Amino acid sequence: MEQVIMNQLSYPILSTVIFLPVLGALLILITRRSWELLTKWIALGTSILTFIVSLTLFTDFDKSTHKMQFVEKHSWIPNWNINYYLGVDGISILFVLLSALTAILCVLISWNSIKAKVKEFYISILLTTSFMIGVFCSLDFFLFYLFWEAMLIPMFLIIGVWGGPNRIYAAIKFFLYTLVGSVLMLVGIIVLYLYAGKSFDILELMTKNYPYTMQLWLFWAFFAAFAVKVPMWPVHTWLPDAHTEAPTAGSVILAAILIKMGAYGFLRFSLPLFPEASKAMTPAMLTLSVIAIIYGAVICLAQTDLKRLIAYSSVSHMGFVTLGIFALNIQGLEGGILQMLNHGVVTGALFLSVGIVYDRTHSRQIADYGGLATVMPIYAAFFMVFTLASVGLPGTNGFIGEFLILLGGFAANKLAGVLACTGIIIGAGYMLWLYQKIFFMEINKKIIGLPDMDIRETITLVPLIVLVLWIGIYPNSFLSFMHASVQHLLERVNAGGVQEVNIAKTILEVVR
Amino acid sequence: MNFQLPNLSPMVPELTMTALALIVLLIDLLIKKKEILALISMAGVAIVAVTLLGSSGVTFGNMFISDGYSSFFKLIFFINVILSVLISIKYIAIERVNYGEYYSLILFSTIGMMIMASAGDLIVLYLGLELMALSTYILAGFIRHDVKSNEAALKYFLLGAFSSAFLLYGISIVYGLTGTTDLKAIASFISEKGLANNFSLLLSVIFLTVAFGFKIAAAPFHMWAPDVYEGAPTSITAFMSVGPKAAGFAVLGRVFMVAFVSVKVDWVAILIPLSILTMAVGNIVALSQTNIKRMLAYSSIAHAGYALLGIITANNEGLASMMNYLMIYAFMNIGAFAVIIMLRSEGFKGDSIYDYEGLSKTHPWAAALMLIFMFSLTGIPPTAGFIGKLYIFISAINAGYTWLVVVAVIFSAISAYFYMRIVMYMYMREPKVTVTLSTSLPTDFALVITTVAVLVIGVFPSFLVGLARAAIRGF
Amino acid sequence: MKLYLLIPFLPLTAFVINILLGKEVLRDKAHWPSILAVVGSFFITITSVLPQAMAGKVINEDLYTWMVSGTFNVTVGFLIDPLTAVMLVVVTTCASLIHIYAVGYMHGDKGYYRFFAYMSLFTFCMLMLVMGNNFMQLYFGWEGVGLCSYFLIGYYFNKKSAADAGKKAFIVNRFGDFGFGIGVFMIFLTFGTLHYAPVFANAAGITGQTVNFLGWNVDLPTLIALLLFCGAVGKSAQVPLHVWLPDAMEGPTPVSALIHAATMVTAGVFMVARCNPIFNLSEIAMNTVAIVGATTSLFTATIAITQNDIKRIIAYSTCSHLGLMFLACGVGAYAAGIFHLYTHAFFKALLFLAAGSVIHAVHTNDIQEMGGLKKYMPITYAVFVIAALSAGGVPGFSGFFSKDEIIWSAYASHSSVGKLVWLMGTAVAFFTPFYTFRLIFLTFHGKYRGGHPEEHGHSAHGSSHGSHQGEHHIHESPKVMTIPLILLAVGAVAAGWVGIPPILGGGAHFAEFLKPVVGHPEFHGTHAEEWGVMGLSTIIALSGIGLAAFFYLRKTDLPEKIAKQFSGIYNILYHKYYIDELYHYTIVKPTLWVADKVIVAITDARIIEGIVNGVPGAIGKFSGNLRKVQTGLAQHYGILMAAGAFFIIALVLLLR
Amino acid sequence: MVPLSWYMMLSIAVFVIGVFGFLSRRNIIIVFMSIELMLNAVNINLISLSHYLQDMRGQILAFFVIAVAAAEAAIGLAIVIALFRNKATAHVDEVKEMQG
Amino acid sequence: MIQQLFFAYFAFVIVVLSLLVITRKNPVHSVLWMLLLFFHIASLYLLLNAEFMAAIQVIVYAGGILVLFLFAVFILNIREELRINKFIGAWPTGLTFAVGLLVVIIMSIKSFIAAPPGIYSIDLIKQETHTKALGKLLYTEFLYPFEVTSLILLVAIIGAIVLAKRRLKS
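Residue numbers (the working numbering), protein chains in the order written: chain V, 1 to 512; chain B, 1001 to 1475; chain S, 2001 to 2656; chain X, 3001 to 3100; chain H, 4001 to 4170.
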């Protein structure tokens, strides 16, 4: 096998990582409903075990090659030439790890806050984890789509069952929004499958060249799915509702992993499969990204709801990610990937943090807080670190990602780079405003006497702080994973020759 | 003139089935416990299913064709019968219509479907269709003390008779044009005489489309479906949302693909708007339903629209995908009805979607299963519904109908809303009424079968897909 | 062992210790790690780094690779050359003294450990800033000090104004950093690296190149220089981004002294000086720097004469002096700029600390409520006067030498811009002593004008200082505060002696020391002119003091009269030229309005959500209407079937 | 000799009259009779075609149609009677409990 | 010519009777007109040399089905029937589409080409007698559909009983 490096370990590590949570979910399924504590411990144990197993990926990964590693391939549905085909490369491996880590945090943060339907909740969390990891590991389109869509089920329930007051609307909106995008991608996948001589093998599909017009169509079909997930402007409006209404763990999963899938999709599929179309559509993508950055940032200034603000900030931050990806240069791409990771860590952490106070006050209104730094100083310190990471202060992970993206974006298109920079200014504006309203100024009567974080909550946040600083101070330990893969991706994108970019012409062509 | 008995071996399943129906009818006179009839029926059908294996061949001068195609459909019918009977046992007792005729009529109806699936001649096709339809009319009105059931039967009957008049008229024109009613002979006659451009032929195609469209509940011939599904006994609703629909597809596929293959372009052009309309009407009107049976009726209409894509592709792969879809639909739809039927208990209708509020709290297992079926009907992996749709879409795109698939997926996304609404009521609302589930062993059994099938096919569709492909090979 | 590494990392260690252990373990001993660390850094600077730099040895070493992405490769590395050495001396000296001072000033505050943690972190970041050998590390320190500034301005975070001020400082700085960041991008795109050495080595190569920037063809060096200067404008509080600095006075006074006078705000000057190879390539950029500096200097000096908040006056003074430094840089006299930076650090830190001492005693910032304090606080008074003389440019004091060199450099540069800024600088030379001495006279002379002591007890600071401080309780500050004051006073007087110009018999050692880094401007002037310029500015400075004495010691009612007479000008000055209001109404308000009323209310809620909810809503409505077709009447169904058949046949007939 | 087309026209006419009757009459019995009319139209068509094509299939189908018509009539009337027991009406437009 | 006249008569009467059947207010009248109609159709069958079909038309339709209808009609309330509208509200629409169908069917059927004649010429039938010819086919070639028909009739019987028998006391 030259294309990939088969799994050399004595056990199928990716399958193990994917299906351990499922196993945990099954275990929970057969426990008695009244044994809630056991349920929680099973969930925690499974997720920790998954993470420990996944660490092997981190240590055994060969950073010198772009090839897929730890590959497992088994025939699955021979009738359709579908294989059970797993593997990771430098682009996906970090997300596998992040997903596994997020699962632990989600279980921990929900420990006391989920009181109803405990069993179902942890089953949903574990299933989501499994499917998310599956999405990042799949090398077969069918398998990918299976995980991609299947994840909607537990996620729909997490938002809809354990969410806030407006949860039903949010859940259905989330579900339909993403479904509409995904089904269009499904059509695209089938077209590819048939064009490539009935193959769902992603790696094989990447080696083929597709006619330009077809690329354009397919690019937009995939765009529909990925843009909704990212979410790019103007299909972002599910996100504030879903993030806001979801329970803490749900918001964390959404922010940390789920919306990364869209950007991951661009990287894994749109760019290598449709290089010419991607290049031709770069101006459009950059425009949308810049709009998302500024729009998302400005809209944050007018929020009164804590989670909603963070949700909108995700729109802005993911705008950076897409900007980096479509900068189509190495800094942009690596920055984009790193920023996906960063955003997962930081926004995940912010949602966890919000969850911590929400458990105490049951209010998401910014106006209900104030002077919290006096009442909960440790919490304030943690939150400050995440705030700073969110505004991209040097020394935190946010800086590395944003800097690389902006550098890449600036190199690709100066205007886009300059406009995106304004997003950083506004970003500082709303995050500090938020921090001030919540932690500074006079102590709000409603929060007097709140206990500071307990051990469990601290343990939940500490890994994220470590990551924030680790990536901020020594990003190379993560960047080094990407180099080979990103380089390879760029070669693939640039191999097609530079397509002269003319938006009006391409749009006309699409219409025609 | 010597009369030679034709070779009966290809129709052993039909003969066995008829014998079974008659036996059930007779035993009904002897025993009080009607549940035994159900057992006999199911066991009998299982035996009949076994006889399918050695039954390929053509007999009665092409009037009866037993090939992979028909056998696959018969398999769907058998699964339909077994599952419907399983969910009926408790239900008809609750409805106080625990009569033995119920089972024999189901069997007769199934015989009708089998005849349709095997029909190689329009005459036989018509008679099979009538046998199926008449039995189903009766079954729809089986709860004769219930006005809704009467009404369902009446509407079904009136419109069914109306549509079969169209069928007959169409047959008469084909007969006049070709001088025969044999499907293969019609095909060869049309291509020999170059009748493909004859408007009369198209007229007859259209009339047959009307009739078959009625059976599969394709818009605008679907109007009976919601009322009849709502009024009929729930078990029968389950039965006829799968059986007659599959039979309709069977004859649609065979007649159009065999007899009218020369006018493929035309009937494809007719079926495309029909399928779009069907998906549109089914999915859109389902959005505003409050009765779950009615909602599933519209859903069933919509699914007919998807399955039509398989016919529209007008090739073997398309037919295979359509067959695959119907098989999957049988499992998921009857599964859903099995849950619905459990909600019906003495003095409680349980067919409003509001009755599902908070079901996950009071009956988590039932809710979980309903959840699986709803997601399957939506077509979300890893359930069977996704496989069904995927196969349909693959074959349609392969035939060049990408735009049609885009339409279909958009409607399928719309459909998610009403399926999700049920999930939402079950999981995200608090219970308002106390629902007691009328569980019984057979229903549980049916649920186990359908759930396992939905999930297993969802993850390992290979066997089923292979079966459908193998079945279509000799078409 | 690379000893110099300890200079930044000692404070970092102190920060970590304090943030982890300060609250529970160290409590009121939290100053020890910080002070030990910074004093340690100071000694290393003096004993190891400075001698090496004097000896002409330049250290340029990478510690580790920070970021790699393609050709983009940035390290954490250190560059120690004369410029860095000067900055290190300034930073460590001031930081050490101010740390010690703060022990007394912050005594009893409940955020004691937090204060010292932040101070240590700040010191770390500032040292990283000046010691970095590449633009990324500069940026790191740049943002880091900004962050600490944010923390420390908002130190009394329960006070809204403090929290606001911190936020304002951070965000205004972000505007500057916006340009700075883009400048860094441009540097990378132009030179392919961010290390100083190769960038500066190749800088000359880009002369005359133009680049398409946002549709305009611009001169590349000018573009880069101006973008970098944006950052400097923000950080060093130059017009138009000066607005944050006065507000920053919400922080504790030691913070104002260290961050907003001695060190952080001078980072901009440092950066311009550091980047002199780039700035030198562009006349436009240089002129811009000079004019912005001169304008700021004059502008803020005029504001300062009407203010009543003791710290704000000094803050405006800081802006003004920073402007002078930029003025120097702008005319190519980087050494003069850095020299002023160096002397300014001492006398301005001293001014702040002395002011802090006053505030510590009277618990108000308003000079109108002070008066006659000299008898209660003689040491404070003395050092205050020394600092004022130095700031005012009275000959013999440090400030005189540096300021004089700047003004002379401006005059001597052979451009019309140089002459213009010389005029402005000379005007500033009048205002500076005027407002400084106005401050002294109002504060220390005359009668105590403070009201009831209890009114002030709690308002100015946290609750920790709440005791009885009426006029009779006003007393000199403790030794831990006065000793640093005295030491700084020595600096304020004598620090400038290292740079006495040749004309006064000195050796201009300072400029010579820096020459390898910043070069030396070409002067076009005779000794006579130099004497003239010096004399003029000295006379003007002295007349400023005299006028202040006349107004505030003799005719104490005159200022009020003049203010009434020229109420228009007075109000403009008093309200700081309404710049804050301008920004509020042109930037802040419209942005918030757009966010709230346009984007949230219209774009998101109406348009996007309108479509998102509207389409399903329309489908739902359509569904509700469509279901009415299902009338329940079988014959209607039949009609529909017949109609369906009819239309299909008709269409087939028509279309085939 | 009567041309075939005459018979076919007759058949069409009767068929359409049956359609109209089906679509517009309220009385269920008459609606049933309309269906019978349509079936008879088909039969006319089939038997005339059979005659002209000199082929018996048409008549055989007509034969089955008559048989099925009888069965249909029986079941239809049974349904009407069952309905009548619950709801004393013989009008189609009064049987619309289910709609939408 | 005679045949054509006969046809013209029958055709005219059949159409008129059909219209009468569907337009009479009193269902009894409709049934009676239908009876007459069936006789005419039977006569038409005779014209087409289909004696057996004519016979069963009379026997099954007139004798069986219509009597069944009459029974049903008598159960219903005829007096009320006479008071109310005989058509549903939407009858114009029904009429429109019925006429529309008529038009389009005729337009389509214009292109009708009859298939070539088969073996059952009139002579053959006359020689073999119609009934015999038909019977032979029914019991040999068409045995299968014939048997299916038996099932249909069986179902009809069961159905009629199930649906129409009196309510069981349970």
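C-beta: ideal position from N, C-alpha, C; glycine also.
The model shown is predicted, which means the values in this text are computed figures rather than measured ones.
So, residue i versus residue j, is the Cβ gap smaller than 8 Å?
i, j, result
"S/ASP2177", "S/GLY2132", "no"
"B/ILE1206", "S/ILE2611", "no"
"X/ALA3074", "H/ALA4062", "no"
"V/LEU404", "S/SER2256", "no"
"S/PRO2082", "S/PRO2484", "no"
"S/SER2402", "S/HIS2340", "yes"
"S/ALA2304", "S/ILE2153", "no"
"B/ILE1312", "B/SER1275", "yes"
"S/SER2317", "S/THR2432", "yes"
"S/ALA2267", "S/ILE2314", "no"
On the three-state DSSP scale, how would you describe residue i?
i, result
"V/LYS67", "coil"
"V/GLN365", "strand"
"B/LYS1116", "Reading off the sequence, residue 1116 of chain B comes out as Met, not Lys. In the structure shown, B/MET1116 sits in a helix (DSSP, three-state: H, G or I)."
"V/TYR210", "coil"
"V/TYR11", "coil"
"S/ARG2274", "helix"
"S/VAL2383", "helix"
"V/LYS73", "strand"
Determine the extent of the alpha helix (DSSP H) in which residue i is found, giving its start and end residues.
i, result
"B/LEU1026", "1012-1030"
"V/MET285", "275-300"
Could you give the first and the last residue of the continuous beta strand (DSSP E) run that contains residue i?
i, result
"S/ASP2219", "2216-2219"
"S/GLY2077", "2072-2080"
"S/ILE2059", "2059-2069"
"S/THR2210", "2210-2213"
"B/GLY1057", "1057-1059"
"V/MET6", "4-6"
Residues of chain C with CB closer than 8 Å to the CB of residue i, please, in chain order.
i, result
"X/LEU3023", "Annotation note: the requested chain C is absent from the structure, which comprises protein chains V, B, S, X and H."
Would you grab the beta carbon distance between residue i and residue j for me? Rounded to a whole angstrom, and I think it's under 8 Å.
i, j, result
"B/ILE1457", "B/ILE1387", "6 Å"
- Task: Tell me, please, whether the region 1422-1437 of chain B touches the region 1312-1328 of chain B by the rule of three or more beta-carbon pairs shorter than 8 Å.
- Result: Touching, no.
- Message: For the structure I just gave you, are there three or more beta carbon pairs, one from the region 2077-2095 of chain S and one from the region 2046-2062 of chain S, closer than 8 Å?
- Response: Three or more Cβ pairs drawn from the region 2077-2095 of chain S and the region 2046-2062 of chain S lie within less than 8 Å of each other, which places the two stretches in contact.
- Task: Report yes or no: do the region 1295-1302 of chain B and the region 1215-1222 of chain B share at least 3 C-beta pairs separated by less than 8 Å?
- Result: With a cut-off of 8 Å, the region 1215-1222 of chain B and the region 1295-1302 of chain B count as touching, because enough Cβ pairs lie within range.
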